[in-house]
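Participant:
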Amino acid sequence: MATAQEIPPIEVFSNSAYDAENQNWSISQSANKFIYVANNNGLLEYNGARWQLYPSPNNTIIRSVNVIDNQIYTGCYMEFGFWEHDEYGHLTYTSLSKSIQDDLIEDEQFWNIIALDDWILFQSLNRIYSFNKIDKSFRIIDSKTRLTKMIKVENAIYFQKLNDGIYKIENGTGQLVNNSNILKENTVVNIFDHNNLFLIQTQKKGFFVLNNNELTPWNTPAKEYLSTISVYYSLKLRDNRLALGTISNGIVFLKENGEIDYTINKSKGISNNTVLSIFEDIDRNIWLGLDNGINCINTNSPFKFFDDAKGTLGTIYTSAIHDNILYLGTNQGLFYKPYDSIQDFKFIEGTKGQVWCLVIHEGTLFCGHDDGTFQVRNGKATLIANTPGTWTIKPIRNLLVQGNYNGLNVLEKQNDTWQFKHKVKGFDISSKYFDFLNDTELFVNHEYKGVYKLKLNDDLTEVVKVSNDKTIQKGLNSSLVKYENDILYAYKDGVFKYDKFDNRFKRDSILSLLYDKESYISGKLILDKKHNRLWGISENNLSYVSQGQLSNTKKISSISLPHKIAKMMIGYENILSIQDEKYLVGTSVGYIIIDLDKVHDKVFDVYINSIKNYDLNSEKKSINLSKAEEFGNAFNNIEFTFSVPAYYKLNKPEYTYQLEGLYDQWSEWSDEASVLFKNLPHGNYTFNVNVRVGGMTSKSISSYSFIIKKPWYITNVMLLFYTIGLILLSVVIHNVYKAYYKKQKKELVLKNKRDLELKQLENEQQLMQLNNEKLKQDIENKNRELAISTMSLIKKNEFLNSIKDELKKANEAEDTQLKPVIKIIDKNLNNTDDWKFFQEAFNNADKDFLKKVKSKHPNLTPNDLKLCAYLRLNLSSKEIAPLLNISPRSVEVKRYRLRKKMDLPHESSLTNYILEI
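Start counting the sequence shown at 1; every next residue gets the next number (the working numbering).
#1: Taking contact to mean 3 or more Cβ pairs, one atom from each stretch, closer than 8 Å, check whether the stretch 240-253 and the stretch 593-613 are in contact.
#2: Any idea if D107 is buried or exposed, counting beta-carbon neighbours within 10 angstroms, 16 or more meaning buried?
#3: Give me whichever residues DSSP pairs with H422 in a beta bridge.
#4: For the beta strand (DSSP E) containing Y489, name the first residue and the last one.
#5: Hey, is the stretch 227-241 in contact with the stretch 188-203, meaning 3+ C-beta pairs nearer than 8 Å?
#6: Would you be able to state if there are at least three C-beta pairs under 8 Å between the stretch 302-322 and the stretch 286-293?
#7: Alpha carbon to alpha carbon, how far is L884 from K878? Give it in angstroms, no decimals.
#8: When DSSP labels each residue in this structure, what does E108 get in the three-state scheme?
#9: Rounded to the nearest angstrom, what separates Q473 and N552 at their Cα positions?
#10: Would you call the CB atoms of I348 and L334 closer than 8 Å?
#11: Quick one: is the Cβ of V401 within less than 7 Å of any heavy atom of the ligand ADP?
#12: Distance check for K268 and I100, CA to CA, integer angstroms please.
#13: Compute the Euclidean distance between the alpha carbons of S522 and S643, then round it to the nearest angstrom.
#14: Closest to W669 by C-alpha separation, out of K652, P681, Y685, would be which residue?
#15: Out of T373, H361, I342, which has the shortest C-alpha to C-alpha gap to G353?
#16: Using three-state DSSP, classify R531 as helix, strand or coil.
#17: From D117, D508, T417, T861, pick the residue whose C-alpha is nearest to that of E154; which is it?
#18: Quick one: what's C76 bridged to in DSSP?
#19: Between the beta-carbon of I157 and the beta-carbon of I140, is there less than 8 Å?
#20: Three-state secondary structure (DSSP) at R238?
#21: Taking the straight line between their C-alpha atoms, what separation do you get for L910 and I803?
#22: Quick one, which of T587, P858, I575, E581 has its alpha-carbon nearest M568's?
#23: Of the choices I917, F420, E447, whose alpha-carbon is the least far from that of I429?
#24: Classify A2 as buried or exposed, calling it buried when 16 or more other Cβ atoms lie within 10 Å of its own Cβ.
#25: Rounded to whole angstroms, what's the CA-CA distance from S855 to D848? Just pull it up for me.
#26: Among the candidates N540, N219, S341, S509, whose CA atom is the shortest distance from the CA of E518?
#27: Could you have a look at H563 and say whether DSSP puts it in helix, strand or coil?
#28: Within 8 Å, do at least three Cβ pairs link the stretch 266-282 to the stretch 563-578?
#29: Tell me V689's beta-bridge partners as DSSP assigns them.
#30: Ordered along the chain, which non-local residues of its own chain (more than five positions away) have a Cβ less than 6 Å from that of W666?
#31: Are Y515 and F505 close, meaning C-beta to C-beta below 8 Å?
#32: Where does N24 fall in DSSP's three states?
#33: Name the residue from G363, C367, D344 whose alpha carbon lies nearest to the alpha carbon of G350.
#34: Let me know the secondary structure DSSP gives P862 once reduced to three states.
#35: Run through DSSP, which three-state label would L728 get?
#36: Answer yes or no: do R895 and L867 have a C-beta to C-beta separation smaller than 8 Å?
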């Protein structure tokens, strides 16, 4: 078969991912969208985030699973029954076969389970056991030959007895429907009510129609192919297509009319070619139970992928549909195939090398190539302009202007053939992006040099004016495009629109919503003229601008498609409208088909799957999910696991959570589906979790409330105890303090009394000190008076002696009678009144000194005491002489005599001795 077909996204789960055996025999789904798989190791449960394995009750292979209401029914070797979730979120098993264990056939295995009204039917290769859910009774249908399949068609149950025919269960027994040789000799895989046809599918002979008990082949376009494959399992999908799981050819999808839609085998993305089971889930995903692994095909996804696995095409830079032919321009040349077919792509000879653009103008397909410009017709390419590097081609008037490596060039049509006309002179900069403002003015964008505005002459032969636009910055991967007659320039800071009146580019707030700085990877804007849409690319989304249905306001729509999955060539992204709402997106590994009709807002519910609690010294303990719990203070570590059953390969769920009572802020979005809170303080908490898938945030939040108890030492009882104890302690402390303060008061009174006495004593001392200071002052005053009086006497006596000496000289010389005057002077010099005055002053200044000297030396004369007084004043002999009216020599003699009287040693100083008394 041809291999050029588009495949929906496929999520592959290997046995290491679900941690069980390779083979998977049956698949089912619960109302909350959890997936259940019958595996060789047991029952697998998948909640969208993690797989959980539950071993079969007798450790044998589980062959069948079917979720009916809230119960998961399974069948295995010599055992069948159902599983239910307990309050902790775990599955527990209840056996139904035990009540009839003695009736089971040796080595019996149960391969199929079907619900009909109040009955659950379990099919082995030998019997069909019908269990009544109301009265718990059993009915058994035996077969002498092998029972290959039990099938539900509308409200009837059919089964095949090999070598016997097709039977229908009526009133609890099998009634023959048809026993033609085809049905006797060939294994029946399935029976369908298909477009009013009763279709019977065989394993190797294809489909047959049973009408009026006559069996005829179903003539379909795939009839011949179906006879070459062996089908193990099949399913009719909700869109009336048929999915056939083969033993060695993967899965085949048939359209409603029996034509092959597409096939998927290991080379196309599934992990194994042997399909043991097929299941269509609530969201129309197709689950495959394989001989080695589990796969989920997102058949309802808006995306389909063409994978250039062998690298034949290379990176796709541009695409076009012309005359119902799909053309792909890549870095390796130009390829084509009939549109909407699964034929392989063919290479167009002569186009080897880089293709930059494909442009359709007036029914002609032009190919911009590294070698120049080609005109493409009927699978052949003709070079019409050999100017290297044709980036793009734009029509203007009746001409075509192309941007090349060397600037701008013009093509013209002559005799129904396009050919090179001339190069536009005056501008030689590579013109990857350009567009016309009017017939003679245009803008050219160069991502490294900026935006240029050119003014051409009327013949478009020469540039008459060039200006580099400084109102916007140059930018890596920037682009320039004309949309709704406006020139747009896009780079990381947003989308800017040229204002013709202000002659400058201005940022457009609505168009700039196509991407933001954080998600910017390319400023490439792609115009879809057919739908008047403008596409932009960001790190996580494809976005487009369209007209609002009820107003002229532009509307921004986004499709989640991460760049790491899309793998588009940055700066060379290309999107082509191919049919209705379908678009082709070129990538570096093939291309992607996007169907906007399948882009819908989906509803997602996030579930808390398990809660575990523990302290530092214990194992994790599962917690009841259905009611709020109170945990001991030591058990303050709590773990939540959560998930959303959304099975889309391209849109992985991201979670955010909040713990009210501790963190009021929501966490950052993360793909982690669990969170552990450690060492929580006591208090009331509510855990909230939300999810977003493909950029859409769920409107429902899953919550769980719990309480961490206070530690024992701050419980209410202990607080009451503390309160009583505090009161008692307060009373004791009050009494103690009362006694203490009473004692302190007594001590304080005594202390104050002592302090008062000390204060009085200090005051008396201060008063005494003041008196002493006063006395000292008086003594100092007396000493000053004594000194003054002494000096006065000395001066007086010196003066009188000088007068006496002069008078003596005059008396001797003139023999005058001056003796009476001299006597008066002598009398004045020896005046005892002066001594009495001096003695009184001396006694006031140095009280009792003369008495002390007299008591120590009683033999001293009054003149000796005079000399002692003068020496006490530390007067020299020269100063003492006038006071005694003798010569200094006589004073020395007196001093000598005084020493003798006082018996002073020779080495002792008389003055010092006198001063020390």
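The beta-carbon is built from N, C-alpha and C at its ideal position, and this holds for glycine as well.
Facilitator: Considering the structure as presented:
#1: no
#2: Numbered from its first residue, the sequence shown carries residue 107 at position 107. Classification for D107: exposed.
#3: The residue given as residue 422 occupies position 422 in the sequence shown. Note: H422 sits in a beta bridge opposite V410.
#4: By one-based count along the sequence shown, residue 489 stands at place 489. Unbroken beta strand (DSSP E) run through Y489: 486-491.
#5: Cβ pair count under 8 Å is three or more, so yes.
#6: The stretch 286-293 makes no contact with the stretch 302-322, as fewer than three CB pairs between them are under 8 Å.
#7: Taking the first residue of the sequence shown as position 1, residue 878 is located at position 878. Taking the first residue of the sequence shown as position 1, residue 884 is located at position 884. Taking the straight line from one Cα to the other gives about 11 Å.
#8: Numbered from its first residue, the sequence shown carries residue 108 at position 108. Coil.
#9: Translated into positions along the sequence shown, residue 473 becomes position 473. Translated into positions along the sequence shown, residue 552 becomes position 552. The straight-line gap from Cα to Cα measures roughly 30 Å.
#10: What you label residue 348 is simply residue 348 of the sequence shown in a count that begins at 1. What you label residue 334 is simply residue 334 of the sequence shown in a count that begins at 1. It is a contact, given that the beta carbons lie within the stated cut-off.
#11: Summarising the ligand content, the structure contains no ligands, and the ligand ADP is consequently not present.
#12: Numbered from its first residue, the sequence shown carries residue 100 at position 100. Numbered from its first residue, the sequence shown carries residue 268 at position 268. Whole-angstrom Cα-Cα distance: 47 Å.
#13: The residue given as residue 522 occupies position 522 in the sequence shown. The residue given as residue 643 occupies position 643 in the sequence shown. Their backbone Cα atoms lie some 34 Å apart in a straight line.
#14: Start at 1 with the first residue of the sequence shown, and residue 669 comes out as number 669. Considering only alpha carbons, the answer is K652.
#15: Locating residue 353 in the sequence shown gives position 353, counting from the first residue. Cα-wise, what sits closest to G353 is T373.
#16: To locate residue 531, count along the sequence shown from 1; it is residue 531. First, the residue type needs correcting, since residue 531 is His and not Arg in the sequence shown. It is coil, neither helix nor strand.
#17: For the purposes of this step, residue 154 is taken as residue 154 along the sequence shown, with counting starting at 1. It is D117 whose Cα lies nearest to the Cα of E154.
#18: Position 76 of the sequence shown holds residue 76. Per DSSP, I62, E79.
#19: Taking the sequence shown and counting its residues from 1, the one referred to as residue 157 is at position 157. Taking the sequence shown and counting its residues from 1, the one referred to as residue 140 is at position 140. It is not a contact, given that the beta carbons lie outside the stated cut-off.
#20: Locating residue 238 in the sequence shown gives position 238, counting from the first residue. Looking at R238 - three-state DSSP - the assignment turns out to be coil, as it is neither helix nor strand.
#21: As a first step, residue 910 must be located in the sequence shown, where it is residue number 910. As a first step, residue 803 must be located in the sequence shown, where it is residue number 803. Per the coordinates, the alpha-carbon of L910 lies some 33 Å from the alpha-carbon of I803.
#22: Looking up residue 568 in the sequence shown gives position 568. That would be T587, whose Cα lies nearest to the Cα of M568.
#23: Residue 429 sits at position 429 when you count from the first residue of the sequence shown. Looking at the Cα atoms, E447 is the closest of the given residues.
#24: Here residue 2 refers to the residue found at position 2 of the sequence shown. Only weak support is given to the placement of A2: the predicted model assigns it a pLDDT of 42, under 50, and the question is left unresolved by the model.
#25: Sequence index remark: in the sequence shown, residue 855 carries index 855 (1-based). Sequence index remark: in the sequence shown, residue 848 carries index 848 (1-based). Each residue's Cα considered, the two are about 10 Å apart.
#26: Against the sequence shown, residue 518 aligns to sequence position 518. Ranking the options by Cα distance to E518, first place goes to N540.
#27: For the purposes of this step, residue 563 is taken as the residue at position 563 of the sequence shown. Three-state DSSP puts H563 in a helix.
#28: no
#29: If you number the sequence shown from 1, residue 689 lands on position 689. In DSSP, V689 forms a bridge with Y657, S702.
#30: Within the sequence shown, the letter at position 666 stands for residue 666. Once the five neighbours on either side are set aside, the close Cβ partners of W666 are T656, Q658.
#31: Taking the first residue of the sequence shown as 1, we reach residue 515 at position 515. Taking the first residue of the sequence shown as 1, we reach residue 505 at position 505. No, these two residues do not count as a Cβ contact at 8 Å.
#32: The residue you call residue 24 lines up with position 24 of the sequence shown. Correct three-state label for N24: strand.
#33: What you label residue 350 is simply residue 350 of the sequence shown in a count that begins at 1. Residue C367 is the option with its Cα nearest to G350.
#34: On the sequence shown, residue 862 is found 862 positions in, with the first residue counted as 1. The answer is helix: DSSP assigns P862 an H, G or I state.
#35: For the purposes of this step, residue 728 is taken as residue 728 along the sequence shown, with counting starting at 1. Of the three classes helix, strand and coil, the one that applies to L728 here is helix, per DSSP.
#36: Walking along the sequence shown from the start, residue 895 turns up at place 895. Walking along the sequence shown from the start, residue 867 turns up at place 867. Yes. Within cutoff.
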